Structure formats: structure tokens, C-alpha cells
Amino acid sequence: MNEELITRLHGVYRSRYQLISNEVKGMKKSIYLLLMIVFSGCSDWLDVRPSDRVSEETAFSTVAGFKKALNGVYVDMNRTELYGQALTCEMLEILAQRYDINQENKDWTALMTYDYAGSYVYGRVEQIWGRAYSLIANTNLILKNCDERREVLPDDYYRMIKGEALALRGFLHFDLFRLFGPVYAKDSAVESIPYYKEFALSVNPSLTGTDFMKNVISDLKEAKELLSDDPIITNGVTGDPSDKFKKDRNLRLNYYAVQGLLSRAYMYTGELDSALVYALNVIDIHKRVFPWVSRNNAVMGSEPDKIFSTEVLFGLQNKNVGSLYNSLFNGESLKISSLLAIRDNVINDRFEYQGEGDVRILSFLKNKMTIGGVDYKLFNKFESTQSDSLHSQMMPMIRISELYLIVAEIYNEKDQIDQGEIYFDELRENRGLSGQGEWYPYYLEGAWWKEFIGEGQLFYYYKRQMAEEMLSATSIYNPTPMKLSNYVLPLPNGETKYN
Numbered sequence: 003m004n005e006e007l008i009t010r011l012h013g014v015y016r017s018r019y020q021l022i023s024n025e026v027k028g029m030k031k032s033i034y035l036l037l038m039i040v041f042s043g044c045s046d047w048l049d050v051r052p053s054d055r056v057s058e059e060t061a062f063s064t065v066a067g068f069k070k071a072l073n074g075v076y077v078d079m080n081r082t083e084l085y086g087q088a089l090t091c092e093m094l095e096i097l098a099q100r101y102d103i104n105q106e107n108k109d110w111t112a113l114m115t116y117d118y119a120g121s122y123v124y125g126r127v128e129q130i131w132g133r134a135y136s137l138i139a140n141t142n143l144i145l146k147n148c149d150e151r152r153e154v155l156p157d158d159y160y161r162m163i164k165g166e167a168l169a170l171r172g173f174l175h176f177d178l179f180r181l182f183g184p185v186y187a188k189d190s191a192v193e194s195i196p197y198y199k200e201f202a203l204s205v206n207p208s209l210t211g212t213d214f215m216k217n218v219i220s221d222l223k224e225a226k227e228l229l230s231d232d233p234i235i236t237n238g239v240t241g242d243p244s245d246k247f248k249k250d251r252n253l254r255l256n257y258y259a260v261q262g263l264l265s266r267a268y269m270y271t272g273e274l275d276s277a278l279v280y281a282l283n284v285i286d287i288h289k290r291v292f293p294w295v296s297r298n299n300a301v302m303g304s305e306p307d308k309i310f311s312t313e314v315l316f317g318l319q320n321k322n323v324g325s326l327y328n329s330l331f332n333g334e335s336l337k338i339s340s341l342l343a344i345r346d347n348v349i350n351d352r353f354e355y356q357g358e359g360d361v362r363i364l365s366f367l368k369n370k371m372t373i374g375g376v377d378y379k380l381f382n383k384f385e386s387t388q389s390d391s392l393h394s395q396m397m398p399m400i401r402i403s404e405l406y407l408i409v410a411e412i413y414n415e416k417d418q419i420d421q422g423e424i425y426f427d428e429l430r431e432n433r434g435l436s437g438q439g440e441w442y443p444y445y446l447e448g449a450w451w452k453e454f455i456g457e458g459q460l461f462y463y464y465k466r467q468m469a470e471e472m473l474s475a476t477s478i479y480n481p482t483p484m485k486l487s488n489y490v491l492p493l494p495n496g497e498t499k500y501n
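So our numbering is basically just the index in the sequence shown, starting at one, shifted up by 2.
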């Protein structure tokens with residue numbers, strides 16, 4: 003990458019965050035790293051290695067260059083600031099009152115109590131903001147070159163690369179909005195955060211929640227059309243085994259995952275009819291493409307599928323999940339102040355009959371440990387296996403069960419209770435439980451709590467619901483009160499504050 007472009011990019015990001023002088027050196031280093039990842043060579047799409055800096059024109063002069071740039075976005079999403087930790091099993095789960103946090107850990111306690119004014123929380127959210135918008139800049143650079151260098155790409159690669167890049171741009175923006183944007187059901191007309199649709203040297207204005215979500219949905223819809231010949235449609239998640247770039251389609255934003263995201267997005271904006279259409283589109287094909295995990299595969303054998311990987315519409319392959327487990331969840335090596343664990347009595351309360359027969363308990367919540375007189379269930383969904391199998395390295399971004407819960411919720415809102423029960427009970431039955439029988443809306447909260455442990459979706463569910471209390475991490479009787487303002491993370495310096 004030539005020095006002029008690096009300098010210009012550095013200026014853009016420096017202006018975005020108004021970094022003070024002693025932070026500039028660190029920011030410049032991160033920008034160089036970002037550019038090297040985008041334009042580096044790789045022998046495997048999950049093994050990106052820096053190489054000599056090359057010009058943008060050279061980087062996008064071949065199909066291989068486009069592949070490397072797009073693969074670099076997926077790889078970088080696995081960073082701990084994003085989906086390799088913060089936005090899946092750690093920070094967002096703490097905000098959702100998932101774990102019993104030891105008060106000796108002042109940093110995690112600040113998250114659990116929504117003390118956003120402190121330097122620790124502020125530093126964490128600034129990292130999320132900066133890394134996510136950097137990846138959005140990457141997707142925009144790819145999209146820019148898709149059209150400017152259209153002659154480089156055969157039609158099938160053009161559609162797939164552009165479709166995935168658009169989907170990634172929508173996905174990343176949407177999660178930033180769910181973190182930093184207003185509570186949509188209450189304040190959709192309030193200005194929130196900027197949406198970037200071009201690789202430009204300018205700072206975009208903040209959009210209202212309504213306009214922001216229109217952009218998310220527009221990107222996802224365009225991505226769906228471009229991915230209409232995705233090999234997942236005919237070959238399932240295997241894709242095209244003769245082409246490394248087109249195989250393992252559940253590790254990329256594929257045709258069905260994009261429709262799942264559209265359902266998620268429409269659900270967030272309260273457009274229930276559209277959310278229902280896209281959810282049912284995927285449910286209609288899921289038993290062929292994303293089947294329920296079998297009980298034997300989830301529980302039995304030396305390497306059970308604790309991720310329930312067959313059900314994942316889109317997940318990131320993260321080769322560092324073993325390190326993640328050891329740093330956060332390993333009860334044998336971590337002291338209590340550094341351990342993320344769930345109280346045993348809480349698990350017994352949330353999972354009826356103390357979880358007997360529930361494959362989620364039997365698969366990744368069966369081990370118990372007593373620390374300081376308190377019983378805990380150890381969470382080992384992300385524990386590494388001897389063979390490092392593909393399913394053990396998967397970090398789920400969206401799974402089929404979310405769409406079942408969306409459909410059940412929508413039918414409940416439409417007073418079609420019996421229809422909603424069909425979908426709710428099918429999920430329960432595939433977790434080893436009987437049908438619920440009588441229906442109560444509060445069952446949904448319990449289902450979301452049980453289904454997405456360690457995946458970062460519970461906090462977003464509570465925010466969408468404008469919940470004024472959450473199920474407690476420490477008590478089975480007293481919920482945790484929640485202010486709506488606590489659902490809105492603080493913006494970095496230099497950004498318009500949401501009031």
C-alpha cells in the first residue's frame with residue numbers, strides 16, 4: 003500500500019475518533035495492520051499472513067486478490083474486541099446478567115452494574131466501535147473495487163463476493179446499532195450513529211434509527227438477490243467442494259443466513275409480517291440444509307457437537323476457541339474472580355426439572371464445581387477437542403432456533419397462539435423436552451435465556467423488548483432492574499451523543 007493512501011486513511015480514522023496525541027502511534031499501527039490484512043496473501047482463507055504492502059490497484063487485479071480481501075474481513079471478525087469474545091460469550095453476556103461475577107473483578111462488575119462512566123467500560127466500547135467501523139471500511143473498499151474492476155471477476159464470483167460484502171456491511175452496522183443505537187421501539191426517530199456505504203475520506207452524519215435500519219435492510223436485500231445462485235441452495239452447507247472459496251457455506255454469509263438476518267432486522271424494527279416471511283423461508287428448507295442436531299451427536303462420543311453446528315446458518319471459524327475457553331471458562335485453572343460461570347441453582351430454575359433430558363445441559367453445562375460454598379455449572383461449549391474438529395471451532399452468529407422463536411413470538415403477537423405453539427414446541431422437542439402445553443408469553447424469555455448461552459443474543463432480545471428487568475444471575479426470585487438507558491452503550495469521543 004502506498005504511503006499516500008496510508009496517510010489519508012490514517013487521517014480519516016484519526017478524525018473519526020479525535021485521538022489525543024499519545025494514542026496516535028497506536029492508531030497508526032492498527033491502520034497498518036488493517037491494510038496488511040486486507041492486502042496480504044494467504045494459503046488458506048483462515049490463515050492470513052502479512053506480506054509486502056502493495057497498491058490497491060494491484061491487490062484487486064485478480065480474483066485471488068478479491069478473495070483475500072473478503073476472507074480478511076471474516077478473519078478479523080474473530081478478534082477479541084468483536085466476535086472472538088466481547089460480542090459473543092463475554093461482554094454482552096455479562097451485560098445480560100448471564101454470569102455470577104465475583105466482586106473482586108472490578109472491571110466485570112462495572113459491566114454487570116452498567117457503570118459506563120468508568121475508563122474500563124469506555125475503553126472496551128471504543129475498541130468495539132473502532133474495530134467494527136474499520137471492517138466496514140474494508141467491505142466498502144471491496145465493494146468499490148467490485149464495480150470499478152468488474153472485468154476482473156467472472157459473473158459467479160462477482161455476485162458472490164459483492165453479495166457477501168454487502169451482507170457483512172449490513173451485519174456489522176446492525177450490531178453496532180444494537181449496541182450504540184437507541185431503544186428502537188421507543189426512540190426510532192432519534193439520531194443514532196452513521197452508516198457508511200462508500201469508502202470515502204469523510205465523516206458521515208448520524209442517522210435516525212429509522213433511516214439507519216432502512217440502510218441495513220437495503221444492504222441485506224441486495225445481498226440476497228446477488229446470492230440467489232449460492233451453491234448452498236443446491237448442495238447444502240457443503241457448497242462447491244471443488245472450489246475452496248465456495249465450500250463450507252455456513253462459515254460465510256450465505257443466501258439463507260442473509261434471509262435469517264433480514265428476519266432478525268425486521269423483528270427489531272417491529273415489521274412483523276416481513277420478519278415472518280423471511281423466517282419461514284428459511285424454516286421451510288432447514289431440515290434439508292440446517293437440520294436439528296441429533297441427541298447422539300450433541301451428547302455422546304469423545305467429541306460431541308456442543309455448538310449444535312448443523313443448526314448454524316452462519317458462524318465464524320475461530321481457531322482460538324481453546325484459548326478463549328481457558329481464559330474465561332476453565333474452572334480447573336482459573337480463580338473465581340477470573341471465571342465466568344453460572345450458578346447451579348439458576349440453571350436448575352431456568353431449565354425445568356433441573357435440565358433432566360435437556361441436550362443443552364447434557365452437552366455443555368453438565369459439570370459442577372463448588373467455590374466458596376456456592377455451586378456453579380461450568381460452561382464448556384467452547385472447550386477445544388483433541389482433533390480440533392470444524393464444529394468445535396465454530397462461533398455461531400445466527401442459528402435456526404432464533405427463527406423458530408421469532409415465528410412463535412410473531413404468532414403470539416397476532417393472537418394466533420396455537421400456530422405459535424407449533425414452532426415453540428418443535429424447538430423444545432428437539433432439545434429433549436416435551437411440548438409446553440399451555441402457552442404464556444413469558445415462556446419466550448426463558449427460551450431465549452436457555453438457547454443462546456455464550457452467543458451474545460440475550461442482551462439484544464431484552465433491548466428489543468424494552469425490558470425493565472432481566473432474569474438475575476444470582477437470584478431465582480428477584481429479577482435485576484434495568485433502565486432503558488443502560489441498553490445504549492456510550493459513544494467514543496467526538497461522536498454525537500445519544501440523549
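Glycine included, C-beta positions come from ideal geometry on N, C-alpha and C.
The structure displayed is predicted, hence computed values, not measured ones.
Residue i by DSSP, collapsed to three states: which one?
{"i": "residue 199", "result": "coil"}
{"i": "residue 313", "result": "helix"}
{"i": "residue 284", "result": "helix"}
{"i": "residue 483", "result": "strand"}
{"i": "residue 402", "result": "helix"}
{"i": "residue 240", "result": "helix"}
{"i": "residue 345", "result": "strand"}
{"i": "residue 377", "result": "strand"}
{"i": "residue 383", "result": "coil"}
{"i": "residue 491", "result": "coil"}
{"i": "residue 79", "result": "coil"}
{"i": "residue 215", "result": "helix"}
{"i": "residue 308", "result": "coil"}
{"i": "residue 319", "result": "strand"}
{"i": "residue 452", "result": "helix"}
{"i": "residue 34", "result": "Note that residue 34 scores a pLDDT of 44, beneath 50, so its modelled location is shaky; the value from the coordinates is reported in the next line. Here residue 34 sits in helix by DSSP."}
Taking all protein chains shown into account, do 16 or more other C-beta atoms lie within 10 angstroms of the C-beta of residue i, making it buried, or fewer, making it exposed?
{"i": "residue 205", "result": "exposed"}
{"i": "residue 372", "result": "exposed"}
{"i": "residue 442", "result": "exposed"}
{"i": "residue 388", "result": "exposed"}
{"i": "residue 193", "result": "buried"}
{"i": "residue 485", "result": "exposed"}
{"i": "residue 259", "result": "buried"}
{"i": "residue 290", "result": "exposed"}
{"i": "residue 226", "result": "buried"}
{"i": "residue 112", "result": "buried"}
{"i": "residue 444", "result": "exposed"}
{"i": "residue 298", "result": "exposed"}
{"i": "residue 433", "result": "buried"}
Tell me whether the beta-carbon of residue i lies closer than 9 Å to the beta-carbon of residue j.
{"i": "residue 435", "j": "residue 359", "result": "yes"}
{"i": "residue 344", "j": "residue 478", "result": "no"}
{"i": "residue 278", "j": "residue 412", "result": "yes"}
{"i": "residue 493", "j": "residue 138", "result": "no"}
{"i": "residue 252", "j": "residue 202", "result": "no"}
{"i": "residue 458", "j": "residue 94", "result": "yes"}
{"i": "residue 284", "j": "residue 312", "result": "no"}
{"i": "residue 270", "j": "residue 464", "result": "no"}
{"i": "residue 409", "j": "residue 281", "result": "yes"}
{"i": "residue 333", "j": "residue 367", "result": "no"}
{"i": "residue 404", "j": "residue 453", "result": "yes"}
Compute the minimum distance between the beta carbon of residue i and the heavy atoms of the ligand SAH, and state whether it is under 8 Å.
{"i": "residue 431", "result": "Among the ligands in the structure shown, none appear at all, so the ligand SAH cannot be discussed."}
If residue i and residue j are in contact, beta carbons under 8 Å, what's the gap, nearest whole angstrom?
{"i": "residue 402", "j": "residue 292", "result": "5 Å"}
{"i": "residue 407", "j": "residue 460", "result": "Not quite, the Cβ-Cβ distance comes to about 12 Å (not below 8 Å), so this is no contact."}
{"i": "residue 350", "j": "residue 369", "result": "Contact flag wrong, Cβ pair sits at about 14 Å."}
{"i": "residue 400", "j": "residue 272", "result": "In fact, because the Cβ distance is near 19 Å, the residues do not count as touching under 8 Å."}
{"i": "residue 197", "j": "residue 232", "result": "Going by Cβ atoms, the distance from residue 197 to residue 232 rounds to 25 Å, so no, they are not a contact pair."}
{"i": "residue 164", "j": "residue 228", "result": "6 Å"}
{"i": "residue 219", "j": "residue 264", "result": "7 Å"}
If you drop the 5 nearest sequence neighbours on each side, which residues of the same chain put their C-beta closer than 8 Å to that of residue i?
{"i": "residue 99", "result": "114, 472, 473, 474, 475, 482"}
{"i": "residue 254", "result": "76, 166, 316"}
{"i": "residue 65", "result": "154, 155, 156, 159"}
Keeping to the same chain, check which residues put their C-beta closer than 6 Å to that of residue i; ignore five residues upstream and five downstream.
{"i": "residue 181", "result": "491"}
{"i": "residue 134", "result": "174, 178"}
{"i": "residue 221", "result": "168, 171, 172"}
{"i": "residue 384", "result": "323, 326, 327"}
{"i": "residue 209", "result": "197"}
{"i": "residue 498", "result": "Note on residue 498: pLDDT 46, under 50, position unreliable in the model; the coordinate value appears next. Only 208 meet the Cβ criterion."}
In chain order, what residues of the same chain have a beta carbon less than 7 Å from the beta carbon of residue i, not counting five sequence neighbours either side?
{"i": "residue 365", "result": "300, 301, 306, 308"}
{"i": "residue 104", "result": "338, 339"}
{"i": "residue 386", "result": "323, 324, 327, 394"}
{"i": "residue 48", "result": "Low confidence applies here, because residue 48 scores a pLDDT of 39, under 50, leaving its location unreliable; read the following figure in that light. For residue 48, where only same-chain residues beyond five positions count, the Cβ hits under 7 Å are 77, 319, 321."}
{"i": "residue 469", "result": "484"}
{"i": "residue 116", "result": "488"}
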